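Chains as they are written, first to last, in the working numbering: chain U, 1 to 357; chain A, 1001 to 1250.
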């Protein structure tokens, strides 16, 4: 197709889209390289050669266990969750016409965490341990995820309702998100008290996220949901572009705006619910990924969606690797690192005209 | 006759906005809808694009019932330039390419890109191709939005007050572009207008709407001082200056 297009199309345009494809490939390559580094990095001394051998299935027992059971699922979970949260944020920003939207800034993540906590503590879908190494064991991922999804969707419906009300500014919507988030966080904390008072301290990961908790089974579920959602978003990329031109314009271009909006928010909530129920709340990735790429590539969703996905994966993997290595062997909560990056960006967006420039 | 509207009625919460509106537009015609504020001009235009559905009446596009089509099919027949548009951070070329959306299945083909290039060339906007929308002036932006609607290759093009907020030069340029499109592409163009002088200058047919009902409809002959005064409630004279018809409020 590209070849045939050259005749009728300004060369500049092909160069311009080619540049975007190049940047996306670059991000994916960087993520892959960082992934290899991340499998290496850590308190157990491994060399890249040993890691490579292990991945090819030619290593002795101890290495096998470290790489296959600990490092690799962790790296893959970071990338998967980063991709998921970032595309969810990207699509929410478009659907709500709000550049400050993301799963954590609108309280959707907190809603999901509350839902998951209800399933684990009240509905018995998991057990709460008093060790901080693995505070919560999820026995019934389906119930936990469904419950988390109910919490996420409840928040989303409130947000969607607010979006319909005339004259709600992006800032006001985020304020509402903060209120919802606090409400759900408070409810989660109260629930934890009912679990048992000694276990409260070990439940911190709900509020700051912990990628090390992901098992291969968790990873499979997350990867499946994220992959299908990403495909769904990509199929709708032209609809999202049309929405960027305004609601009336989109309708004029044949977009069923209400349906696209509701379905998109539904899928974004689902991604959030799955990730939060396995890893806890990881803030700001959904804001960081798309906002960085919007600045680099512009607002065309044909490129913005894959670029946000790649950037989200890269950022969360980088954050998690930093969290593991900066004061090794102590592992910091990854959500704290992402918040350190995200909060300044958020303030920047607020003060420097977050509008579409 | 490409667009025929018959007995269209619409009400917002039982307050009637359009009452028994009927008219027809031919190919190649620039059809202007005029009327006082709140007469229902924009509502009528939104009915023609099926953004809203009238309570009664029929709208046919070449004998095809507008309300029997899917939204996507409507978008292939009818282009719509809204009164307000948001300028996202996309290039002019991408913004116009969006007009191909109703025709695109999975991704833009070489033909889609070719059509966009042609439309930009016809409007003399080739050098703007890679400029960002949010860096354009009001007049340039309006032309891009019209280019998008033309790239849609509609049989009926609707424009809602396309010249409000434009300076004199851009008002003329935009209406010339639209008029040329009607002639060259042999499509029906329906424009909601406020400026009677611009309407007299560019439109072939006129629909005078008063409080949701058709006051008068036809060619230049309906633009009489009596009709205009009847619609706007202001006495006017219609004179010719330098061979151009002008409306002067008295």
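Ideal placement from N, C-alpha and C gives every residue a C-beta, glycine not left out.
Since this is a predicted model, take the numbers as computed values, not measurements.
Are residue i and residue j touching if we call contact CB-CB under 7 Å?
i              : j              : result
residue 1249/A : residue 1231/A : no
residue 1079/A : residue 1168/A : no
residue 999/A  : residue 1171/A : Residue 999/A lies beyond the range of chain A shown here (1001 to 1250); nothing can be said about it.
residue 15/U   : residue 297/U  : no
residue 291/U  : residue 184/U  : no
residue 254/U  : residue 1072/A : yes
residue 180/U  : residue 156/U  : no
residue 1160/A : residue 1045/A : yes
residue 81/U   : residue 327/U  : no
residue 149/U  : residue 262/U  : no
residue 231/U  : residue 38/U   : no
residue 108/U  : residue 172/U  : no
residue 241/U  : residue 260/U  : no
residue 1075/A : residue 248/U  : no
residue 321/U  : residue 49/U   : no
residue 299/U  : residue 1222/A : no
residue 177/U  : residue 106/U  : yes
residue 188/U  : residue 273/U  : no
residue 174/U  : residue 100/U  : yes
residue 64/U   : residue 54/U   : yes
residue 98/U   : residue 10/U   : no
residue 1178/A : residue 1190/A : no
Leaving aside the five residues before and after residue i along the sequence, list all residues of the same chain whose C-beta is less than 7 Å from its C-beta, in chain order.
i              : result
residue 1199/A : 1032, 1034, 1193 and 1206
residue 1225/A : 1236, 1237 and 1238
residue 24/U   : 303, 306, 307 and 310
residue 264/U  : 91, 95 and 236
residue 104/U  : 281, 283, 284 and 286
residue 1211/A : 1039
residue 28/U   : 310
residue 227/U  : none
residue 1245/A : 1200 and 1238
When DSSP labels each residue in this structure, what does residue i get in the three-state scheme?
i              : result
residue 1054/A : coil
residue 73/U   : helix
residue 328/U  : coil
residue 1209/A : strand
residue 1147/A : helix
residue 1035/A : strand
residue 1091/A : strand
residue 184/U  : helix
residue 284/U  : coil
residue 277/U  : helix
residue 1065/A : strand
residue 1105/A : coil
residue 1162/A : coil
residue 1079/A : strand
residue 1027/A : coil
residue 1100/A : helix
residue 1019/A : strand
residue 100/U  : coil
residue 209/U  : coil
residue 1007/A : strand
residue 243/U  : helix
residue 357/U  : Note that residue 357/U has pLDDT 39, beneath the 50 cutoff, so the model's placement of it is unreliable and no number is given.
Starting from the C-beta of residue i, find all residues in its chain whose C-beta is less than 6 Å away, skip the five residues before and the five after it, and write them out in chain order.
i              : result
residue 208/U  : 333, 335 and 336
residue 102/U  : 89, 286 and 287
residue 119/U  : 125, 143, 144 and 147
residue 313/U  : 31, 79, 82 and 83
residue 1242/A : none
residue 268/U  : 88, 91 and 92
Can you find the residues in the same chain that come closer than 8 Å, C-beta to C-beta, to residue i, ignoring five residues on each side of it along the sequence?
i              : result
residue 1214/A : 1020, 1021, 1022, 1023, 1207 and 1208
residue 1008/A : 1018, 1020, 1021, 1022, 1044, 1047, 1054, 1056, 1057, 1058 and 1059
residue 123/U  : 143 and 147
residue 1141/A : 1085, 1087 and 1133
residue 341/U  : 284, 288, 315 and 319
Q. Looking at chain A, which residues of the region 238-256 of chain U have a Cβ within less than 7 Å of any of its Cβ atoms?
A. 238, 241, 242, 244, 245, 246, 248, 249, 251, 252, 253, 254 and 256
(Q) I'd like to know if the region 1091-1100 of chain A and the region 1148-1167 of chain A are in contact, where contact means that at least 3 CB-CB pairs between them fall below 8 Å. (A) Segment contact: the region 1091-1100 of chain A against the region 1148-1167 of chain A, three or more CB-CB distances shorter than 8 Å; contact assigned.
Q.
Check whether the region 1124-1141 of chain A and the region 1052-1064 of chain A are in contact - that is, three or more C-beta pairs closer than 8 Å.
A. The answer is no - the region 1052-1064 of chain A does not touch the region 1124-1141 of chain A, with fewer than three Cβ pairs under 8 Å.
Q) On the three-pair Cβ rule with 8 Å, is the region 71-87 of chain U touching the region 219-228 of chain U? A) yes
Q | Residues of the region 296-308 of chain U whose Cβ lies closer than 7 Å to any Cβ of chain A, in chain order | A | 298, 299 and 300
Q.
For the region 269-296 of chain U, list every residue whose C-beta sits within 8 Å of some C-beta in chain A, in sequence order.
A. 294
Q) When Cβ atoms are compared, which residues of the region 1074-1089 of chain A fall closer than 9 Å to chain U? A) 1074, 1075, 1076, 1078, 1079, 1080, 1081, 1082, 1083, 1084, 1085, 1086, 1087, 1088 and 1089
Q.
Output needed in chain order: residues of the region 13-41 of chain U with a Cβ under 8 Å from some Cβ in chain A.
A. 13 and 16
**Q.** Contact residues within the region 1044-1061 of chain A, judged by C-beta distance below 7 Å to chain U
**A.** Listed by position, the residues of the region 1044-1061 of chain A near chain U (Cβ gap below 7 Å) are 1049 and 1051.
Q.
Can you pull out the residues from the region 1124-1135 of chain A whose beta carbon lies closer than 8 Å to at least one beta carbon of chain U?
A. Answer in chain order: 1126, 1129, 1130, 1132 and 1134.
Q) the region 86-115 of chain U: which residues have C-beta closer than 9 Å to a C-beta of chain A, in chain order? A) Those would be 97, in chain order.
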